[in-house]
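For reference, the structure is listed below as structure tokens.
Number of protein chains: 2
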Amino acid sequence: MSKPVKPLILVTNDDGIFAPGIRYISNVLKAFGEVCVVAPDKPQSGMGHAITLNSSIRLSNTQYHDVALEYACSGTPVDCVKIAVNHILKRRPDLVVSGINHGSNASINVIYSGTMSAAVEGALEGAPSIGISLCDYSEAAVFHHAEQYLKHIISNVLRHQLPKGLCLNINIPAVQTTPLQGIRVVRQAHAQWVERFEERQDPYGRNYYWLTGNFVNFEPESTDTDEAALSANYIAVVPVKADMTAHEHLATIKQFEHV
Amino acid sequence: MSKPVKPLILVTNDDGIFAPGIRYISNVLKAFGEVCVVAPDKPQSGMGHAITLNSSIRLSNTQYHDVALEYACSGTPVDCVKIAVNHILKRRPDLVVSGINHGSNASINVIYSGTMSAAVEGALEGAPSIGISLCDYSEAAVFHHAEQYLKHIISNVLRHQLPKGLCLNINIPAVQTTPLQGIRVVRQAHAQWVERFEERQDPYGRNYYWLTGNFVNFEPESTDTDEAALSANYIAVVPVKADMTAHEHLATIKQFEHV
């Protein structure tokens with residue numbers, strides 16, 4: 001009998017290869033298969049689905065993590081998935097995990113998030129993919145309270161796969177005095193960042209700006225959203241796809257065909 | 260009688276403020292209202308929905324275009340829309356136009372595209388928004404063949420608005436010997452880039468990589484997609500929204516709740 005092949009698991013993130021979140025999840029994943037880390041060599045938060053077209057990409061074979069194979073990549077989170085799947089790995093991964101992100105990627109954050117864009121890219125590359133985020137920006141954030149739930153999701157995805165092209169957006173409430181209530185499969189809440197640009201002056205008298213903003217949930221009363229699940233101390237799981245067509249509006253917009 | 264207020268039109272792009280496409284559309288838009296250009300100070304293709312979080316943003320008051328107000332911005336296309344709406348403009352624009360992009364943003368390109376991400380951001384900011392792309396990468400590309408159709412869409416959007424949160428992804432076939440056949444309102448085709456990383460060596464013997472790829476349409480037989488419309492020499496219009504939830508899979512994924 002030949003030795004069974006262990007699942008091949010690609011791990012990336014957007015906080016960079018040194019972030020505590022990627023260290024934590026890489027260790028958890030070692031129980032499930034052969035772990036390969038290909039992650040940005042610097043923080044890449046808010047990079048969305050950016051790819052590197054106007055410059056070239058560097059790879060460094062690093063050993064920050066105790067895993068089978070590891071590279072720091074000069075590109076974006078999506079670049080990391082592309083170069084891992086199409087250049088570094090010998091076969092398509094059985095699972096792509098992006099995270100654990102330091103900070104929420106629930107609701108509208110999904111479109112700004114490098115973490116989730118890497119998971120979407122994994123799904124486009126044909127691999128079951130999940131993005132994991134913790135609603136705590138702190139470098140000292142703890143992840144243990146979610147471990148049994150993450151293991152449940154990971155083993156399920158490895159065993160049953162996910163529908164083609166689909167990935168999961170998993171958000172974990174920050175640790176609280178009461179334990180997590182469980183998992184809720186929900187939809188993306190309708191929310192938005194309301195921005196303010198903070199104007200400052202450099203030592204040469206020229207203005208520069210920092211993007212700041214407040215998160216506004218437009219449907220705080222809804223119970224079937226990721227924001228509602230998180231508020232109730234549940235892990236929120238949203239199935240995400242790369243089709244941005246507003247199918248429900250196709251019929252209305254058809255009027256534009258009549259020139 | 261007070262003077263009627265002209266529509267306020269914000270124009271941005273991802274090819275940068277010097278690109279021929281933004282010059283062309285800004286001139287067309289002057290017939291429809293007061294045009295303000297806030298566009299990246301350098302090419303930002305493939306930036307997706309990236310925003311600038313780890314550094315600050317610069318604005319330069321420029322005069323490359325013959326418009327009411329104009330700024331070159333050091334940030335991404337999405338940054339341009341955010342800083343225009345929340346800092347530069349005195350009121351919410353009546354229309355946000357992103358483009359005209361040099362190159363297709365049909366099908367899966369919508370998620371990588373800075374042009375379309377700026378349009379999505381415009382919709383999130385509550386303004387009717389359209390992204391326009393020409394299926395021709397050439398700097399010398401011509402846009403005139405589409406002008407009557409673009410004017411038709413622009414005047415319609417200004418008159419009737421768009422459903423809240425929706426934007427339009429407009430792709431124009433490159434000019435051909437036969438005239439454009441009209442406009443088709445369609446869905447995003449299921450397609451993908453199949454990548455290959457070209458490995459090179461720098462003068463110091465270290466490897467670097469260029470992202471290259473081939474576009475693959477997984478449903479060339481479908482007639483209701485943007486790719487099909489473009490192939491038939493029609494302008495393709497896809498209604499796009501920022502909700503990435505795979506609503507059709509919510510019920511299946513519910514199984515994950517049973518720990």
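Top line first, the protein sequences correspond to chains R and P.
Numbering of the first sequence is given in this note's numbering, commencing with residue 1 and proceeding in unit increments.
Numbering of the second sequence is given in this note's numbering, commencing with residue 260 and proceeding in unit increments.
Beta carbons: idealized from backbone N, C-alpha and C, even for Gly.
All values reported here derive from a predicted model rather than from experimental measurement.
| Check | Outcome |
| --- | --- |
| Would residue 195/R and residue 212/R be called neighbours here (beta carbons separated by less than 8 Å)? | yes |
| Give every residue of the same chain whose Cβ lies closer than 6 Å to the Cβ of residue 421/P, excluding the five residues on either side of it in the sequence, and list them in chain order. | 387 |
| With distances taken Cα to Cα, identify the nearest neighbour of residue 185/R among 509/P, 348/P, 347/P and 354/P. | 509/P |
| Give a yes or no on contact between the segment 242-257 of chain R and the segment 489-507 of chain P, applying the rule of three or more CB pairs nearer than 8 Å. | yes |
| What are the residues that DSSP puts in a beta bridge with residue 198/R? | 210/R |
| Assign residue 221/R to one of three DSSP states: helix, strand, or coil. | coil |
| Between the alpha carbons of residue 278/P and residue 400/P, how many angstroms are there, rounded? | 11 Å |
| What residue range does the beta strand (DSSP E) around residue 231/R cover? | Taken as a continuous stretch (DSSP letters only), residue 231/R belongs to no beta strand (DSSP E), being part of the alpha helix (DSSP H) at 226-231. |
| Starting from the beta carbon of residue 454/P, find every residue of chain R whose beta carbon is closer than 7 Å, and list them in chain order. | 82 and 86 |
| Since residue 387/P is in the beta strand (DSSP E), which residue starts that stretch and which ends it? | From DSSP, residue 387/P is part of no beta strand (DSSP E); its letter is neither H nor E. |
| Which of helix, strand or coil does DSSP assign to residue 280/P? | helix |
| Mind checking which residues open and close the beta strand (DSSP E) that includes residue 271/P? | 267-271 |
| Output yes or no for whether 8 Å exceeds the beta carbon distance between residue 352/P and residue 269/P. | yes |
| Consider the Cβ of residue 513/P: report whether some Cβ of chain R lies at a distance smaller than 8 Å. | yes |
| Would you say residue 117/R and residue 48/R are within 8 Å of each other, going by their C-beta atoms? | yes |
| Using a Cβ-Cβ cutoff of 7 Å, what residues of the segment 429-457 of chain P are near chain R? List them in chain order. | 441, 442, 443, 444, 446, 447, 451, 454, 455 and 456 |
| If we ignore side chains and look at the alpha-carbon of each, how far apart do residue 225/R and residue 99/R end up? | 21 Å |
| Shorter than 8 Å from the beta carbon of residue 463/P to some beta carbon of chain R? | no |
| Could you check if residue 65/R is buried or exposed, using at least 16 other CB atoms within 10 Å of its CB as the buried criterion? | buried |
| Would you report the Cα separation of residue 452/P and residue 474/P, rounded to the nearest angstrom? | 5 Å |
| Rounded to the nearest angstrom, what separates residue 435/P and residue 350/P at their Cα positions? | 40 Å |
| Which residue spans inside the segment 397-461 of chain P form an unbroken alpha helix (DSSP H) run of at least 4? | 406-419 |
| Does the beta-carbon of residue 373/P have 16 or more other beta-carbons within 10 angstroms, so that it is buried, or is it exposed? | buried |
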